[in-house]
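Protein chains in written order, with the numbering used here: chain A, 141 to 270; chain B, 30 to 149; chain C, 6 to 107. Taking it in order: structure first as structure tokens, then the write-up.
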Amino acid sequence: MIFSLLIYASQNSGQAEQTALRFSRSALAQGHKIHRVFFYGETVSALSNLKITPRDEIDITRQWLDLAADDDLDLVVCISAAVRRGVLNQQECDRHNRSAANLAAGFNLSGLGQLADAILSSDRLLTFGN
Amino acid sequence: MADKNLLLIFRNPPFADSSNRDTLDIALACSAFDIPVSLIFLHDGILQLTRGQQSKSLQQKNLLNTFNALAMYDINQLFVLQSDLQRFELTTADLSVDCQAISDSKMAQLLRQSDRVINL
Amino acid sequence: MSDANFETLHIINKTFSNGALYADCCKAVLPGDAILLIESAVYSACTLQAAELVELQVPLYALEVDIQARGISERIHSQVQAINDDTFVSLTCQYKKSISWF
Numbered sequence: 141m142i143f144s145l146l147i148y149a150s151q152n153s154g155q156a157e158q159t160a161l162r163f164s165r166s167a168l169a170q171g172h173k174i175h176r177v178f179f180y181g182e183t184v185s186a187l188s189n190l191k192i193t194p195r196d197e198i199d200i201t202r203q204w205l206d207l208a209a210d211d212d213l214d215l216v217v218c219i220s221a222a223v224r225r226g227v228l229n230q231q232e233c234d235r236h237n238r239s240a241a242n243l244a245a246g247f248n249l250s251g252l253g254q255l256a257d258a259i260l261s262s263d264r265l266l267t268f269g270n
Numbered sequence: 030m031a032d033k034n035l036l037l038i039f040r041n042p043p044f045a046d047s048s049n050r051d052t053l054d055i056a057l058a059c060s061a062f063d064i065p066v067s068l069i070f071l072h073d074g075i076l077q078l079t080r081g082q083q084s085k086s087l088q089q090k091n092l093l094n095t096f097n098a099l100a101m102y103d104i105n106q107l108f109v110l111q112s113d114l115q116r117f118e119l120t121t122a123d124l125s126v127d128c129q130a131i132s133d134s135k136m137a138q139l140l141r142q143s144d145r146v147i148n149l
Numbered sequence: 006m007s008d009a010n011f012e013t014l015h016i017i018n019k020t021f022s023n024g025a026l027y028a029d030c031c032k033a034v035l036p037g038d039a040i041l042l043i044e045s046a047v048y049s050a051c052t053l054q055a056a057e058l059v060e061l062q063v064p065l066y067a068l069e070v071d072i073q074a075r076g077i078s079e080r081i082h083s084q085v086q087a088i089n090d091d092t093f094v095s096l097t098c099q100y101k102k103s104i105s106w107f
């Protein structure tokens, strides 16, 4: 089975991303594929590499990257959601003449077309939100 | 046409959060990929469509302009519930966008017939 | 690829206090569907509140990890099946699609 995930949550409230991560680990362990994880809305605020996670808390962004490294996940961040929240890759940083790029390495900015493609290319689409 | 259709659910009133705008953006993007898109407005979602909104005073973009332009993107299937119209003492004439008013059971059928449902 | 025998898996993650959310979801539920309670929604698996969902006469599931985290294992309605993450994944395969209510 090929899954895609739509994440529409805030890392600072609720547990949607933890649930999505556990779901992803379990799906991959069972031999399913995850075509894409699409980060949308408030979720993208937490994908800045300037974020400091308190020592006694879990860095969820780090956990996505660890999972992606193990299983070659396509972590796509909605570009319009990211730019309006000040989460920029180098290209957007240059385009908008900002002082620094801050999108966490391992995540790719792209358009909503990537969500449309995920819908078409996957057997299942799961939304995790709050 | 793509082999999957998509139903988008709107459940929030205007100006409350970004979910209506974000859902609308998904509609436009998926339509550009030839995915047949339908929209349904549940509960407070119907308030997004009422006539007479003057969002300029809030210095916010009015999504109604985009809702009214959906036909240009071949998005013509917009649904509201008769029960929600009654709840807010509205008729379809009070809505600034052409919608079909359907029963609760028709709504359940619509959700069943949809291949993918996004509900932000 | 689809080995689904069942229709829609409705996934709820808010408590029963979100009346409109539950009302909309319950209107949408048809025979052949199921409801999965996750995160804060596992409180709705407790006896009194679950009774309303039981009336829908569809399978009811709740995520075990969320039940345990909230210390409510003893209060889960007998008609609600507690499941682990692996079964969560299996359910999403068995049902043609999922709808998240949050």
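C-beta atoms are modelled at their ideal positions from N, C-alpha and C, and glycine is treated no differently.
Pull up the DSSP beta-bridge partners for residue i, would you.
i: His15 of chain C; result: C:Ile40, C:Ile104
i: Tyr66 of chain C; result: C:Leu41, C:Gln86
i: Ile147 of chain B; result: B:Leu37
i: Tyr148 of chain A; result: A:Gly269
i: Lys173 of chain A; result: A:Ile142
i: Cys98 of chain C; result: Partner(s): none; Cys98 of chain C has no beta bridge.
i: Glu10 of chain C; result: Sequence inspection shows Asn at residue 10 of chain C; the Glu mentioned does not correspond to that position. Answer by DSSP bridge pairing: none, since Asn10 of chain C is not bridged.
i: Ser83 of chain A; result: In this structure chain A extends from 141 to 270, so residue 83 of chain A is not present and cannot be described.
i: Leu249 of chain A; result: A:Val217
i: Leu150 of chain B; result: Past the edges of chain B, shown from 30 to 149, lies residue 150 of chain B, and the structure says nothing about it.
i: Arg264 of chain A; result: A:Phe143
i: Ile81 of chain C; result: C:Cys51
Just reading off the beta strand (DSSP E) that residue i is part of, what are its end residues?
i: Val109 of chain B; result: 106–110
i: Asn27 of chain C; result: Note that residue 27 of chain C is Tyr in the sequence shown here, rather than Asn. Run containing Tyr27 of chain C: none in the beta strand (DSSP E); it sits in the alpha helix (DSSP H), 24–33.
i: Gln17 of chain B; result: Lying before the first or after the last residue shown, residue 17 of chain B is absent from chain B, which here runs from 30 to 149.
i: Ser261 of chain A; result: Here Ser261 of chain A belongs to no beta strand (DSSP E); instead the alpha helix (DSSP H) covers 253–261.
Quick test of your reading: residue i and residue j, contact by CB under 8 Å. State the CB separation rounded to the nearest angstrom.
i: Asp127 of chain B; j: Leu114 of chain B; result: No, Asp127 of chain B and Leu114 of chain B are not in contact; Cβ-Cβ is about 14 Å, not under 8 Å.
i: Leu68 of chain B; j: Phe39 of chain B; result: 7 Å
i: Ile55 of chain B; j: Leu255 of chain A; result: 6 Å
i: Val146 of chain B; j: Leu36 of chain B; result: 5 Å
i: Leu140 of chain B; j: Ile104 of chain C; result: 7 Å
i: Thr267 of chain A; j: Asn148 of chain B; result: 7 Å
i: Tyr148 of chain A; j: Gly269 of chain A; result: 4 Å
i: Ala137 of chain B; j: Lys101 of chain C; result: Not confirmed; about 15 Å, so no contact.
i: Ser49 of chain C; j: Leu61 of chain C; result: Between Leu61 of chain C and Ser49 of chain C the Cβ distance is about 12 Å, and since that is not below 8 Å, they are no contact.
i: Ser125 of chain B; j: Leu93 of chain B; result: 6 Å
i: Ile72 of chain C; j: Val47 of chain C; result: 5 Å
i: Tyr65 of chain C; j: Val85 of chain C; result: For the record, residue 65 of chain C in the displayed sequence is Leu; it is not Tyr. With 8 Å as the limit, Leu65 of chain C and Val85 of chain C qualify as a contact, their Cβ atoms being about 5 Å apart.
i: Phe178 of chain A; j: Val216 of chain A; result: 5 Å
State the start and end residues of the unbroken alpha helix (DSSP H) segment that holds residue i.
i: Thr183 of chain A; result: Unbroken run through Thr183 of chain A: none, as it is neither H nor E.
i: Val227 of chain A; result: Careful: Val227 of chain A lies outside any alpha helix (DSSP H) and carries neither H nor E.
i: Asp210 of chain A; result: 200–211
i: Ile55 of chain B; result: 48–61
i: Glu57 of chain C; result: 52–59
Check the Cβ of residue i against every Cβ in chain E and list those closer than 7 Å, keeping chain order.
i: Val146 of chain B; result: Note that chain E does not occur in the displayed structure, where the protein chains are A, B and C.
| task | Would you check if the segment 41–61 of chain C and the segment 81–99 of chain C touch, i.e. whether three or more CB-CB distances between them fall below 8 Å? | result | yes
| message | Under 8 Å: do the segment 36–47 of chain B and the segment 65–82 of chain B share three or more Cβ pairs, one atom per stretch? | response | yes
| Given 8 Å as the limit, is there contact between the segment 192–212 of chain A and the segment 242–258 of chain A, that is, 3 or more CB pairs closer than that? | yes
| message | With three or more C-beta pairs closer than 8 Å as the rule, is the segment 56–63 of chain B touching the segment 253–265 of chain A? | response | yes
| Three or more C-beta pairs below 8 Å linking the segment 30–38 of chain B and the segment 213–221 of chain A | no
| Going along the chain, which unbroken runs of the beta strand (DSSP E) with 3 or more residues stay wholly within the segment 64–110 of chain B? | 66–70, 106–110
| request: Check whether the segment 145–158 of chain A touches the segment 180–194 of chain A, counting contact only when three or more Cβ pairs, one atom from each stretch, lie closer than 8 Å. | output: yes
| request: Count the C-beta pairs between the segment 223–233 of chain A and the segment 143–152 of chain A that are closer than 8 Å, then say yes if the count reaches three, no if not. | output: no
| request: Flag this pair as touching only if the segment 80–95 of chain C and the segment 165–178 of chain A have three or more C-beta atom pairs under 8 Å; answer yes or no. | output: yes
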